[in-house]
Structures are given as structure tokens and as C-alpha cells.
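Undergrad: Below is the structure I would like to discuss, written out as C-alpha cells.
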């Protein structure tokens with residue numbers, strides 16, 4: 044089934060260029076165009092679209108206002124803004140209306156990848172009402188004690204990059220927003236950023252300070268019973284999981300990326316707490332989170348790791364013993380180990396009977412290796428000096 048894409052721009056030559064690029068790329072899209080916002084809204088009334096891609100600067104109603112109306116009237120639509128001069132502040136304002144802001148002139152390969160990856164995850168959700176609700180999310184809620192601590196440290200002229208990154212990395216809401224901004228068209232340059240410290244280094248302290256103090260990076264937690272303690276426990280677990288995953292990866296470990304992915308795996312749980320629509324219990328939190336991360340333009344490497352953290356064997360079709368495990372598999376195993384560490388050895392099922400493990404991993408990872416890792420982790424838990 045073709046993807047319905049509506050391009051909106053007041054410059055005919057820009058629209059013609061996008062049409063040519065779509066044809067040359069062989070995109071399986073049903074493309075139509077509009078020369079202004081009013082024409083775009085009329086087109087959507089007549090025929091639905093999966094994606095609207097709009098220029099920011101247009102006479103009359105600009106792209107920001109158009110996509111705000113699309114958000115209200117057609118909530119299932121993925122909204123993409125093209126801008127030649129968004130700037131950091133402009134980007135933050137634009138994301139109130141658009142899911143992603145891409146630079147103009149547009150690299151069509153990037154645009155196609157963004158659309159294809161996001162819609163592929165959307166199809167896996169198979170829940171139109173849930174998709175519409177997720178499309179309304181503007182910022183994720185942060186724990187107040189973490190946001191206050193971050194505000195305090197950012198007002199200290201002697202705060203270090205490592206200190207700020209450590210605070211940010213303990214909260215999935217702030218991590219998500221910082222990575223979104225660092226990988227935006229305005230800051231991205233030639234390389235993606237997949238860890239918090241690099242993202243903060245790219246953005247700079249002054250911008251982070253400004254965004255935190257004006258509360259533009261996060262929302263407040265809803266006043267629900269027990270929600271603060273649940274989010275605290277979720278964030279603490281992410282830290283433990285990252286430490287275990289780093290141990291499993293050994294000399295190949297990238298601790299900062301593993302911590303980032305472990306924290307981002309909590310985004311789906313935040314959404315489950317935040318959204319008022321019913322969410323099927325059979326839908327993994329990791330898939331929920333991955334869809335929002337893709338929608339917001341985080342690097343595919345991170346989105347993929349989160350999306351497959353429950354079923355990493357799907358990424359290991361060509362894996363051979365001895366090869367480095369992908370991040371999704373390391374996080375998955377670390378989560379299993381974290382649960383098992385809180386049980387006594389006598390009560391533990393064998394790895395062949397471990398319900399929390401993706402059973403498709405067993406032919407790919409020697410059970411003896413799993414047992415050896417578990418023994419080492421228990422020694423570390425009893426006495427860190429015994430770490431191997």
C-alpha cells in the first residue's frame with residue numbers, strides 16, 4: 044500500500060524538485076502538492092494523508108500554523124517541517140507543531156528514511172487511537188528532583204560537562220529532548236550523536252541552561268498516586284542495566300551509548316503513564332518508546348536498539364558465535380540479569396526456561412556463557428572487588 048504524502052510550499056520549483064526526487068528514488072508514495080496552507084487543508088479534507096511535509100516560511104499562513112492545524116484536525120498525520128533558518132529557538136518552537144524539522148534545501152534521502160522508518164514502526168503499533176494520542180505529545184514529564192538538581196548545577200559557573208551529563212542521563216524525558224535537539228537540522232552537522240555527553244557538548248552549556256531554566260526540555264509529571272516512585276525506580280533500573288550491559292560487552296563496550304539506550308527504554312513506560320487512551324498489555328513498552336523516538340528524529344541506531352530490546356534475536360540473523368552483540372541484545376540480556384540478580388539462586392529457572400529471555404537467542408549464545416556471566420555478576424554484587 045502506497046504512503047500518501049502531501050508536500051506544501053509556495054515555490055513551485057521546490058515542489059517540482061521534491062516530486063522529481065521522489066520519482067527518482069522509487070519511493071512507494073502517492074504524492075500530491077499544495078501551494079499554500081489553505082490549499083493543503085482543503086486537500087486533506089478531500090483525501091487523507093499519512094505525512095505532511097511543509098515549508099516553514101510561506102505568505103499568509105506559515106508552516107508552523109498549518110502544522111498546528113493539522114495536529115488538531117488530522118492527529119494521525121506525521122508532520123515534517125522544512126526550514127532554512129530555524130535556529131535553536133526556532134527549532135524548539137517548530138517542534139510544538141512538527142514532529143521533525145529538517146533543513147532546507149532538503150536532502151531527499153534523509154526525508155525518505157525519516158518517513159519510511161517512522162511509518163514502519165507505526166504499522167507495528169496497529170492501534171490508530173494510540174498513534175493519534177502519541178502524535179499530540181509535546182514533551183515528556185521529568186522527575187522534579189532531577190530537573191531541580193539540573194537547574195541548580197547549571198547556575199553554577201564551575202559545573203563540569205561530566206556533572207551535567209550525569210544528571211541529564213538519569214532522566215529519560217530530558218535525555219530524549221537533548222538528543223532530539225542535538226540531532227536536529229540546526230546542530231547535526233555531519234554526524235549523529237548517540238550519547239548524552241556528546242549531545243550536551245554539541246549544544247553548549249548556555250543553550251542547555253536557557254532551555255532548562257525556561258522549562259522547554261520537559262513537562263511536569265501528572266499528579267497520579269505513586270508515579271514519582273515508579274519513575275524513580277525505572278530510572279534507577281536503567282542505571283543498573285547499563286552497568287550490566289557494559290560488563291557483558293567487555294572491551295567492546297561504549298558505556299555512554301549503553302546508558303543512553305537503557306534510559307531511552309523507559310520512554311514507553313512514561314507514555315503508558317502519560318496517555319489517557321487504552322494501551323494493549325501485549326504492546327511492548329519498548330515499541331511504544333521507539334515509535335516516539337523515531338517520530339522525534341532520534342538516530343536510527345538508538346531507535347532500533349530500543350525497538351528490539353525485547354526481541355533482539357531479530358537483529359542477529361547473521362550473527363556467529365564470538366561476534367560482538369548489538370546494543371539491543373546487550374540491553375535485553377542486562378535486563379534479564381538485573382531481574383535474576385534480585386532472586387535467590389535456588390528460585391531461578393534454568394536459562395532454557397527463562398520466560399524473560401528472548402528464547403530465539405539460545406541457539407546464538409552458549410548457555411554456559413550465560414551461566415558464567417551470571418556467576419560473575421553475583422560475585423560483583425556481593426563484592427565489587429571480585430569483578431572479572
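In my numbering, the protein residues as written are 44 to 431. All C-beta atoms in this analysis are idealised placements derived from N, C-alpha and C, irrespective of residue type, glycine included. Keep in mind the model is a prediction, meaning the values are calculated, not measured.
1) Does DSSP put residue 124 in a helix, in a strand, or in coil?
2) Just the Cα atoms here: how many angstroms apart are residue 412 and residue 261?
3) Have a look at residue 157 and residue 144 and give me their C-alpha separation to the nearest angstrom.
4) Does residue 183 come out as helix, strand or coil in the three-state DSSP assignment?
5) Measuring CB atoms only, is the segment 274-283 touching the segment 333-352, in the sense that at least three cross pairs come out at less than 8 Å?
6) With distance defined between alpha-carbon atoms, name the residue in 146, 208, 220, 206 nearest to residue 180.
7) Provide the residue span of the alpha helix (DSSP H) that contains residue 90, from first to last.
8) Kindly list the residues whose CB is nearer than 6 Å to the CB of residue 410, restricted to its own chain and excluding five residues on each side of it in sequence; keep chain order.
9) So does the segment 159-179 actually touch the segment 318-336, counting three or more Cβ pairs closer than 8 Å?
10) Could you pull the start and end residues of the beta strand (DSSP E) that residue 47 belongs to?
11) Take residue 418 as the anchor and find which of 406, 399, 408, 383 has the nearest alpha-carbon.
12) Per the DSSP calculation, residue 72 is bridged to which residue(s)?
13) Excluding sequence positions up to five away, which residues of its chain have a Cβ less than 8 Å from the Cβ of residue 111?
14) Under three-state DSSP, which class holds residue 320?
15) Using only the alpha-carbon positions, how far apart do residue 244 and residue 204 sit?
16) So, with DSSP's three-state summary, where would you put residue 262?
17) Please name the residue, chosen from 199, 385, 311, that lies closest to residue 424 on a Cα-to-Cα basis.
18) Of the residues 289, 209, 294, 202, which one's Cα is nearest the Cα of residue 249?
19) Which residue or residues does DSSP assign as beta-bridge partners of residue 2?
20) Tell me the DSSP bridge mates of residue 58?
21) Measuring straight from C-alpha to C-alpha, what distance separates residue 54 and residue 64?
22) Quick check on this structure: which residue in 238, 267, 254, 421 has the alpha carbon closest to the alpha carbon of residue 222?
23) What is the C-beta distance between residue 124 and residue 99, in whole angstroms, given that I count them as a contact (C-beta under 8 Å)?
24) Output the distance between the C-alpha atoms of residue 86 and residue 339, rounded to the nearest integer angstrom.
25) Around the C-beta of residue 320, are 16 or more other C-beta atoms found within 10 angstroms, so that it is buried, or is it exposed?
26) Where do the ends of the beta strand (DSSP E) carrying residue 145 lie?
27) Helix, strand or coil, according to DSSP, for residue 77 in the structure here?
28) Decide if residue 396 is buried, meaning its Cβ has at least 16 other Cβ atoms within 10 Å, or exposed.
29) Excluding the 5 residues flanking residue 431 on each side, which residues of the same chain have their C-beta closer than 6 Å to its C-beta?
30) To test your reading of the DSSP string, which unbroken alpha helix (DSSP H) runs of 4 or more residues are found completely within the segment 245-311?
31) Please state whether DSSP places residue 106 in a helix, a strand or coil.
32) At a cut of 8 Å, does the segment 312-326 reach the segment 170-179 through at least three beta carbon pairs?
33) Under the three-state reduction of DSSP, which class applies to residue 394: helix, strand or coil?
34) Using CA atoms only, rank isn't needed, just tell me which of 259, 240, 206 is closest to residue 185.
35) Roughly how many whole angstroms lie between the Cα atoms of residue 163 and residue 337?
TA: Answer, in terms of the structure:
1) strand
2) 41 Å
3) 11 Å
4) coil
5) no
6) 220
7) Element bounds for residue 90: n/a, residue is neither H nor E.
8) 394
9) yes
10) 46-51
11) 383
12) 46
13) 139, 140
14) coil
15) 7 Å
16) strand
17) 385
18) 202
19) There is no way to answer for residue 2, as the model of the chain reaches only from 44 to 431.
20) Per DSSP, none; premise fails for residue 58.
21) 16 Å
22) 238
23) 6 Å
24) 25 Å
25) exposed
26) 143-146
27) strand
28) exposed
29) Summary for residue 431: the model assigns pLDDT 46, below 50, so the residue's position carries little reliability, and this model does not support an answer.
30) 248-256, 270-292, 298-307
31) helix
32) yes
33) helix
34) 259
35) 10 Å
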